[in-house]
Structure formats: structure tokens, C-alpha cells
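Contents: one structure, followed by commentary.
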Amino acid sequence: LLGRMLCKINQIIHPFLLRGSQKACLLMFNNVRKWKAKTALLSQAHPATKLKKFISPEWQAFQTLNKQALSQYPNRPSGLEMFSIPWAATNLKEIPDIATSDIINFHWISGTVSIPENIDFLKQKKIVWTLHDMNPFTGGCHYAGECKNYKASCGRCPQLGSDRKIDLANNIWKIKNNAYQQLDINV
1 LLGRMLCKIN
11 QIIHPFLLRG
21 SQKACLLMFN
31 NVRKWKAKTA
41 LLSQAHPATK
51 LKKFISPEWQ
61 AFQTLNKQAL
71 SQYPNRPSGL
81 EMFSIPWAAT
91 NLKEIPDIAT
101 SDIINFHWIS
111 GTVSIPENID
121 FLKQKKIVWT
131 LHDMNPFTGG
141 CHYAGECKNY
151 KASCGRCPQL
161 GSDRKIDLAN
171 NIWKIKNNAY
181 QQLDINV
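With the first letter of the sequence shown counted as 1, position 2 gets the number 2 in our numbering; the numbers rise by one all the way through.
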């Protein structure tokens with residue numbers, strides 16, 4: 001439902017951008033008819049049938065790596081919100097409409113765009129980031145609940161079941177923080 005709402009919001013905003021003097025292009029990585037290799041399509045009913053889902057190889061790779069990272073934390077409580085590593089197969093500079101853009105507006109990018117992996121390319125762009133959850137500024141969780149560790153550096157992550165100061169969340173937080181320091185980001 002959230003994905004459909006975000007898609008709809010973007011479809012409403014896009015015509016207003018086109019009214020300006022700038023060229024605007026709307027790219028969504030959740031449309032199977034427009035999916036291209038090297039972009040992470042989350043999932044959508046395959047056009048051949050409404051019973052099966054199409055999940056891109058890039059999204060499957062992200063899920064596999066994410067599960068491997070989380071498997072290192074056997075005490076991770078069950079029933080939690082998603083926890084995401086900052087990795088994705090999408091290479092932004094290989095997408096012509098993004099490569100030629102001056103401004104990029106990110107929304108929910110976990111598993112579809114890796115800021116650290118695209119850092120050299122993104123240094124050349126202005127970024128507007130519309131936040132829909134906490135993941136961009138945490139060590140991996142999408143909603144921190146009562147935890148406030150993201151304000152300093154993450155670690156001892158309750159979502160990982162970790163009592164270590166330097167854990168996966170701390171490492172991810174440092175990677176993100178380092179990348180953001182190098183970019184022109186407006187939230």
C-alpha cells in the first residue's frame with residue numbers, strides 16, 4: 001500500500017515539475033514494463049498472470065546479501081520492521097535520464113539505490129530527499145522505535161539483538177554518514 005501511495009504522489013507532483021522551464025523525468029523502479037537490467041524492481045504482478053510476482057535479479061541479490069548480514073545476529077527479535085544494508089545493484093550513471101540530470105529526488109531507496117556505491121557520480125548532482133521512514137539516517141532500521149542511538153552513531157542495536165557498540169548498525173551508520181558528508185543533500 002505504501003508503495004502505491006508513493007507512486008501516486010509522484011505521479012501527481014510530476015506534471016507540476018513539467019510546467020517549469022526545466023526538463024523533468026519520473027523514473028520508478030517498480031514498473032515491470034519499464035524495468036531495465038541494473039535497476040532494482042521490487043515486485044509487481046507479472047504481466048502474464050496476476051497470480052505470480054516478478055522480482056528482479058537485482059532485488060533478489062539485495063535480499064540475499066541483506067539476509068546474510070542479518071544472519072550474523074541470531075538474537076535478532078522476530079516481528080520487527082525491515083532492516084536494510086546500504087547496498088543495491090543499481091548503477092545510477094548507467095541510466096541516461098539520471099546521468100544527464102542536475103537534480104535527483106530520492107524517495108524510498110533501500111535495496112534500489114546505494115548512496116555509498118554511487119558516491120562519485122552523486123557528488124556531481126544536487127539531491128532532494130523526501131523521507132518516508134528513518135532508514136536514511138539510521139544504521140539500517142526503518143523505524144527506530146524507542147531507540148535513539150542513531151543520533152550519535154548507532155550500535156548496541158535493539159533491532160539486531162546486539163549489545164556490541166560496534167555492530168552492523170554502527171558500521172552502516174558510519175558508511176552513510178561519511179557518504180552524506182560529501183554530497184549536496186536537501187531533505
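All C-beta atoms in this analysis are idealised placements derived from N, C-alpha and C, irrespective of residue type, glycine included.
From a predicted model like this one, the values you see are computed outputs, not experimental measurements.
Leaving aside the five residues before and after residue i along the sequence, list all residues of the same chain whose C-beta is less than 7 angstroms from its C-beta, in chain order.
i, result
"Asp163", "Arg156"
"Leu131", "Val187"
"Pro86", "Ser114, Ile115, Pro116, Ile172, Ile175 and Lys176"
"Leu183", "Leu122, Lys123 and Ile127"
"Pro15", "none"
"Ala61", "Ala89"
"Leu70", "Arg76 and Phe83"
"Ser185", "Residue 185 is actually Ile in this sequence, not Ser. Once the five neighbours on either side are set aside, the close Cβ partners of Ile185 are Ile127 and Trp129."
"Ile166", "Gly155"
"Thr49", "For Thr49, the predicted structure reports a pLDDT of 45, less than 50, and the residue's modelled location is therefore unreliable. A value from the coordinates is still provided. So no residue of the chain qualifies."
So what's residue i in DSSP terms, helix, strand or just coil?
i, result
"Ile109", "coil"
"Lys93", "helix"
"Ile185", "strand"
"Val32", "Because the pLDDT at Val32 is just 45, under 50, the model does not fix this residue reliably, and the value given afterwards should be weighed accordingly. Reduced to three states, the DSSP call for Val32 is coil."
"Lys174", "helix"
"Ile119", "helix"
"Trp59", "helix"
"Lys125", "coil"
"Arg156", "coil"
"Ala88", "coil"
"Tyr150", "helix"
"Asn75", "coil"
"Asp163", "coil"
Just to confirm my understanding: we take residue i, look at its own chain, exclude 5 residues before and 5 after, and list those with CB closer than 8 angstroms. What are they?
i, result
"Gln72", "Leu168"
"Phe74", "Rather than Phe, the amino acid found at residue 74 in this sequence is Pro. Here the set comprises Gly161."
"Tyr143", "Glu81, Asp133 and Met134"
"Cys147", "Cys141, Cys157, Pro158 and Gln159"
Might you give, ordered along the chain, the residues of its own chain that have their beta carbon closer than 6 angstroms to the beta carbon of residue i, omitting 5 neighbours on each side?
i, result
"Phe106", "Trp129"
"Phe83", "Gly140, Cys141 and Gln159"
"Ala179", "Ile115, Pro116 and Ile119"
"Cys154", "Gly139, Ala169, Asn170 and Trp173"
"Ile104", "Lys125 and Ile127"
Would you mind giving the Cβ-Cβ distance between residue i and residue j, rounded to the nearest angstrom? I have them listed as a contact below 8 angstroms.
i, j, result
"Asp102", "Lys123", "Actually they do not touch by this definition, with Cβ atoms about 13 angstroms apart."
Would you list the one or two residues that DSSP bridges to residue i?
i, result
"Cys141", "Phe83"
"Ile104", "Ile127"
The ligand HEM and residue i: does any heavy atom of the ligand fall closer than 6 angstroms to the residue's C-beta?
i, result
"Ala169", "No copy of the ligand HEM occurs in the structure displayed, which carries no ligand at all."
Beta-carbon of residue i versus every beta-carbon of chain D: anything under 7 angstroms?
i, result
"Asn135", "Absent from the structure: chain D. Only one protein chain is present."
Q. Does the region 170-182 come close enough to the region 135-148 to have 3 or more Cβ pairs within less than 8 angstroms?
A. A contact is defined here as three or more CB-CB pairs under 8 angstroms, and the region 170-182 meets this definition with respect to the region 135-148.
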